[in-house]
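Chemist: Chains as they are written, first to last, in the numbering used here: chain U, 1 to 258; chain P, 1001 to 1248.
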Amino acid sequence: MKNAFTRFLLPLAPLVLGTAVLEFLTRREILPAYLFPAPSRILDALTGEGAAALWTAAGETGLASAAGFIGSLVVGTLVGAVLASSRLIERTFSPYAVFFQTVPIIAIAPLLVIWFGYGLPTVIISAWIVSVFPMIAATLAGIRGTEPALRDLFRLYEAPRSVTLRKLLIPSALPSILTGARIAAGLAVIGAIVGEFIAGGGLGGMIDTARTQQRLDLVFAAILLSALLGWIFFASVNLASRILLRHWHAAELTTERN
Amino acid sequence: MFSPTLALTQLTKSFGGLPVLEPLSLTLPRGEFLSLLGPSGCGKSTLLRLIAGLEPPTSGTASLGETPHPAYVFQDPNLLPWRTVLSNVALPLELRGVARTEREQRAQEVLSQMGLADAGALMPRQLSGGMKMRVSLARALVTKPDLLLLDEPFSALDELTRFRLGELLRDLWLKSGLTVIFVTHSISEAVYLSERIAVFSQRPARLIADERVALPRERNKATRGEESFARETVRFRGLLESGMGAQK
Chain U
1 MKNAFTRFLL
11 PLAPLVLGTA
21 VLEFLTRREI
31 LPAYLFPAPS
41 RILDALTGEG
51 AAALWTAAGE
61 TGLASAAGFI
71 GSLVVGTLVG
81 AVLASSRLIE
91 RTFSPYAVFF
101 QTVPIIAIAP
111 LLVIWFGYGL
121 PTVIISAWIV
131 SVFPMIAATL
141 AGIRGTEPAL
151 RDLFRLYEAP
161 RSVTLRKLLI
171 PSALPSILTG
181 ARIAAGLAVI
191 GAIVGEFIAG
201 GGLGGMIDTA
211 RTQQRLDLVF
221 AAILLSALLG
231 WIFFASVNLA
241 SRILLRHWHA
251 AELTTERN
Chain P
1001 MFSPTLALTQ
1011 LTKSFGGLPV
1021 LEPLSLTLPR
1031 GEFLSLLGPS
1041 GCGKSTLLRL
1051 IAGLEPPTSG
1061 TASLGETPHP
1071 AYVFQDPNLL
1081 PWRTVLSNVA
1091 LPLELRGVAR
1101 TEREQRAQEV
1111 LSQMGLADAG
1121 ALMPRQLSGG
1131 MKMRVSLARA
1141 LVTKPDLLLL
1151 DEPFSALDEL
1161 TRFRLGELLR
1171 DLWLKSGLTV
1181 IFVTHSISEA
1191 VYLSERIAVF
1201 SQRPARLIAD
1211 ERVALPRERN
1221 KATRGEESFA
1231 RETVRFRGLL
1241 ESGMGAQK
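1. Can you tell me the Cα-Cα spacing of Asn-258(U) and Glu-1152(P), whole angstroms?
2. Please compile the residues from chain U whose C-beta is within a distance smaller than 8 angstroms of the C-beta of Leu-1054(P).
3. Give me the chain P residues within the contact set of Pro-95(U), using Cβ-Cβ distance strictly less than 9 angstroms, ordered along the chain.
4. How many angstroms separate the CA atom of Thr-1179(P) from the CA atom of Leu-245(U)?
5. Taking buried to mean at least 16 other C-beta atoms within 10 Å of its own C-beta, is Thr-212(U) buried or exposed?
6. Hey, quick one: how far does the beta strand (DSSP E) through Ser-1179(P) stretch, first residue to last?
7. Output, in chain order, the set of chain U residues within a Cβ distance shorter than 9 angstroms of Tyr-1192(P).
8. Expressed to the nearest angstrom, what Euclidean distance is found between the alpha-carbon atoms of Ala-250(U) and Pro-148(U)?
9. Using a Cβ-Cβ distance under 9 angstroms, would Leu-178(U) count as near chain P?
10. Determine the closest residue to Val-1142(P) out of Phe-1182(P), Arg-1096(P) and Asp-1118(P), with distance taken between C-alpha atoms.
11. Which residues of the segment 1166 to 1182 of chain P have a Cβ closer than 8 angstroms to any Cβ of chain U? Give them in chain order.
12. Pick helix, strand or coil for Asp-1158(P), following the three-state DSSP scheme.
13. Under the DSSP definition of a beta bridge, which residues are partnered with Val-1073(P)?
14. Could you tell me which residues DSSP puts in a beta bridge with Ile-190(U)?
15. Grab me the residues of Arg-1237(P)'s own chain with a C-beta within less than 8 angstroms of its C-beta, minus the 5 sequence neighbours each way, in chain order.
16. Distance check for Ser-72(U) and Pro-175(U), CA to CA, integer angstroms please.
17. Label Pro-134(U) either buried or exposed according to how many other C-beta atoms from any shown protein chain fall within 10 Å of its C-beta, with 16 as the threshold for buried.
18. Just how far apart, CA to CA, sit Leu-1160(P) and Arg-1100(P)?
19. Starting from Val-1020(P), follow the alpha helix (DSSP H) in both directions and report where the run begins and ends.
20. State the DSSP-derived secondary structure class of Phe-36(U), mapped to helix, strand or coil.
21. Identify which residue in Gly-62(U), Leu-17(U), Phe-24(U) and Arg-144(U) has its Cα closest to the Cα of Pro-80(U).
22. Which residues in chain P sit within 8 angstroms of Ala-159(U), going by Cβ to Cβ distance?
23. Within 10 angstroms of the Cβ of Trp-115(U), are there 16 or more other Cβ atoms? Answer buried if so, exposed if not.
24. Take Ala-1198(P) and list the residues in its own chain whose beta-carbon comes closer than 8 angstroms to its own, dropping the five residues that flank it on each side.
25. Starting from Thr-1061(P), trace the beta strand (DSSP E) in both directions and tell me its first and last residue.
26. Just the C-alpha distance for Ile-170(U) and Ala-181(U), rounded to the nearest angstrom, thanks.
27. So with Cβ pairs under 9 angstroms, would you call Ser-172(U) a contact of chain P?
28. Take the Cβ of Tyr-1072(P) as the centre, count every other Cβ of all protein chains shown within 10 Å, and call the residue buried at 16 or more, exposed below.
29. Under the three-state reduction of DSSP, which class applies to Leu-15(U): helix, strand or coil?
30. Quick check on the DSSP output: the beta strand (DSSP E) that includes Ala-1198(P) runs from which residue to which?
31. Looking at the secondary structure, which residues open and close the beta strand (DSSP E) in which Phe-220(U) lies?
32. Can you name the start and end residues of the alpha helix (DSSP H) that Ala-84(U) belongs to?
33. Just the chain P side, please: which residues come within less than 8 angstroms of Trp-248(U) by C-beta, in chain order?
34. Within 10 Å of its beta-carbon, does Val-98(U) have 16 or more other beta-carbons around it, so buried, or fewer, so exposed?
35. In this structure, how does DSSP classify Glu-1032(P) when only helix, strand and coil are distinguished?
36. Is Ala-1205(P) helix, strand or coil when you go by DSSP?
Shown next, in the form of structure tokens:
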């Protein structure tokens, strides 16, 4: 009972209190509506008449983020594994991988529009670009961190490279890869929204339009939905991680036997 | 019977110009239990890696005769944490393409030999240090190797567990006719376990002495309390110290 209180009710308290204060301030017009919409109006935007368009936009953004994120998972793990296979390859290509991390997405988004047009492909690519680097870096670090004695063991039994990769390096790098995926998941949502600012559509497009129309309630509603999306992505990766690592990382049983 | 399992000829190793192993020639007949005894960090582990082919020699050769695949036990158990005990033991067979039912049956047999018949379904993290090392031994033995290389395998264990695993290894050796090379820095461990001890100096490792242990083949707990055991321990200590003194 006390546990439930501290876990769920306590974190809710600041939200309830803050919402109440904001509602009061906006109703009394101490806080003008052009600066901050009343919480009740944000709620109305999320549930009222025009809400369908907002949720559809959230669905679009979610889809584009998911596509970009999955692209990062696949490409990032593959590229990470290739970079990890030799120091020479790593030295040659890792500066290009770093490029993806350091270049501001907002700066190249207009280029993406020129190349891929207004719409979904640009948004997906934008989500992919910002989320691929953490996957590459995490895979590389995970594989490099494999216990050398285990590599020796596989060498001793003359395991081919592909077998060593599949049965030793990837499983051994999995905790690191999943940490990278947690970061990539959140970044993919951000990348998609930035892409939509330029390419249109989704929550990003909605925020951009609502902003010009002084519809701050819509802006706030869209921000809340993008946070919700980010949380869903993060929670999904956490769940996948718990399932994949349940036998060896999450210590369920630690009984010592002699 | 006496065809050598291993022949080292003028074997040397340096890392970046720094010699680790001075020229070493040595032959090992089939069925021998040899310990490589030397101070910590002297290069005896490197020698074991050269024998296993995990490291190329700088010069000379290490020829394994009719033993193309030696088995190796590392200082740490090094089990794959995402696999069950049984699947860890079966790994070498899996890497050699042995079918699942056969490799699991053979893994189960070796586990039973190690006194771990019921541990197959457990995950490595559920085991104690001593049990993990038994699993690691089982994994090495599952391919029925002719030559077993062990690199200070018991050094991280408590003394009683170390004694017990030593006795287990000795029993296995007596029953199987396996050839064993055991790296250790413990004099009493080398004396208890082996038939023959090669004593090395401090780095770079130079062979100081290569002598037989004057103890009966049948050994047990009581052996450690006998006068002959104490005498041999003192003798090999003297040999080891002569290699340390050369540096000081």
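Cβ coordinates follow ideal geometry from the N, Cα and C atoms, glycine included.
Computed from a predicted structure; not experimentally measured.
Modeler: Well, looking at it:
1. Reliability fails at Asn-258(U), whose pLDDT of 34 lies under 50, so the model's placement of it is uncertain and the value that follows must be treated cautiously. The straight-line gap from Cα to Cα measures roughly 22 angstroms.
2. Residues of chain U with a Cβ closer than 8 angstroms to the Cβ of Leu-1054(P) are, in chain order, Asp-152, Arg-155 and Leu-156.
3. In chain order: nothing, as chain P lies at least about 28 angstroms away.
4. Taking the straight line from one Cα to the other gives about 39 angstroms.
5. By the neighbour-count rule (16 or more Cβ atoms within 10 Å), Thr-212(U) is not buried but exposed.
6. Before going on, a small fix: residue 1179(P) reads as Thr here, not Ser. Segment 1179 to 1184, the beta strand (DSSP E) holding Thr-1179(P).
7. Ordered by position in chain U, no residue passes the 9 angstroms Cβ test against Tyr-1192(P), which lies about 22 angstroms from the chain.
8. In this prediction, Ala-250(U) scores a pLDDT of 40, lower than 50, which makes its location untrustworthy; no coordinate-derived value is stated.
9. Residue-level contact by beta carbon fails for Leu-178(U) and chain P, as no gap is shorter than 9 angstroms.
10. It is Arg-1096(P) whose Cα lies nearest to the Cα of Val-1142(P).
11. Of all residues in the segment 1166 to 1182 of chain P, none places a beta-carbon less than 8 angstroms from a beta-carbon of chain U.
12. Residue state, collapsed to three classes: coil.
13. Paired residue(s): Leu-1150(P).
14. Answer is none; Ile-190(U) lacks a bridge partner.
15. Counting only residues of its own chain and dropping the five nearest sequence neighbours on each side, Arg-1237(P) has a CB closer than 8 angstroms to the CB of Ile-1187.
16. Cα atoms of Pro-175(U) and Ser-72(U): separation of roughly 17 angstroms, rounded to the nearest angstrom.
17. In summary, Pro-134(U) is buried, with 16 or more beta-carbon neighbours lying within 10 Å of its beta-carbon over all protein chains present.
18. Leu-1160(P) and Arg-1100(P): Cα-Cα distance of roughly 36 angstroms.
19. Taken as a continuous stretch (DSSP letters only), Val-1020(P) belongs to no alpha helix (DSSP H), being part of the beta strand (DSSP E) at 1018 to 1029.
20. Looking at Phe-36(U) - three-state DSSP - the assignment turns out to be coil, as it is neither helix nor strand.
21. Here residue 80(U) turns out to be Gly, not Pro, going by the sequence shown. Residue nearest to Gly-80(U) within the set Gly-62(U), Leu-17(U), Phe-24(U) and Arg-144(U) is Arg-144(U) (criterion: CA-CA distance).
22. Going along chain P in sequence order, the residues near Ala-159(U) (Cβ under 8 angstroms) are Leu-1095.
23. When all chains shown are included, Trp-115(U) counts as exposed.
24. Here Ala-1198(P) has Leu-1026, Leu-1034, Ser-1035, Leu-1036, Leu-1037, Leu-1207, Ala-1209 and Asp-1210 as same chain residues with Cβ atoms under 8 angstroms from its own Cβ, once five neighbours each way along the sequence are excluded.
25. 1059 to 1063 is the span of the beta strand (DSSP E), which, as asked, contains Thr-1061(P).
26. Their backbone Cα atoms lie some 14 angstroms apart in a straight line.
27. Closer than 9 angstroms: yes.
28. It counts as buried.
29. The three-state secondary structure of Leu-15(U), taken from DSSP, is helix.
30. Counting along the chain, the beta strand (DSSP E) containing Ala-1198(P) begins and ends at 1196 to 1200.
31. No beta strand (DSSP E) contains Phe-220(U), which is instead part of the alpha helix (DSSP H) from 216 to 244.
32. Its alpha helix (DSSP H) spans residues 51 to 85.
33. Those are Pro-1081, Trp-1082, Met-1123, Pro-1124 and Arg-1125, listed as they occur along chain P.
34. Answer is exposed; the Cβ neighbour count stays below 16.
35. Of the three classes helix, strand and coil, the one that applies to Glu-1032(P) here is coil, per DSSP.
36. Residue state, collapsed to three classes: strand.
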